[in-house]
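Structure record follows, encoded as structure tokens.
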Amino acid sequence: MSEDMQLEQPPARMVAGALAHLARHMETGCARAGHLAAMLLDQVANDPEADGHLRAHARDLVEILERDALLGQAGATAASANNPAGAQVPSRKAIARP
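What follows is the structure, encoded as structure tokens:
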């Protein structure tokens, strides 16, 4: 698929992809999935063809994901400082399990 075709996807298709990446990010804490979700949502937020409410909500989610990424970087730095031996830090999903 060419790069131009990827950029010309309808907003609903980009939102569907963003939701899939967002779900993976929320389940596993995968930073790359969060980044990909934010990238797709940013495209929706800047798409003049998309509904105004959809653009506003996409913008809100991008801000949340970017803030989450910054907090994750700060947390990783703090965790490595507190855990110099490099022990595994449990994922969000593992923490949520009883």
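All residue numbers for the sequence shown refer to my numbering, where the first residue is 897 and numbers rise by one.
Even for Gly, the Cβ is constructed at its ideal location relative to N, Cα and C.
- In terms of alpha-carbon separation, which member of Leu961, Val940, Leu967, Arg963 lies closest to alanine 952? Among Leu961, Val940, Leu967, Arg963, the Cα nearest to that of alanine 952 belongs to Val940.
- Message: Let me make sure I understand the geometry here. Which of Leu967, Ala970, Ala933 has the alpha-carbon closest to that of valine 958?
- Response: Check the Cα spacing between valine 958 and each of Leu967, Ala970, Ala933: the tightest is with Ala933.
- Item | Identity of the residue in Ala946, Pro944, Glu945, Ala914 nearest histidine 931 by Cα | Ala914
- Task: Taking the CB atoms as reference points, tell me whether alanine 929 and arginine 920 lie closer together than 7 Å.
- Result: yes
- Message: the ligand MG and valine 958: does any heavy atom of the ligand fall closer than 6 Å to the residue's C-beta?
- Response: Among the components modelled here there is no ligand, and therefore nothing to report on the ligand MG.
- Item | glycine 968, DSSP secondary structure in three states | helix
- Query: For methionine 910 versus leucine 936, is the C-beta spacing smaller than 7 Å?
  - Reply: yes
- Query: Does DSSP classify aspartate 943 as helix, strand or coil?
  - Reply: coil
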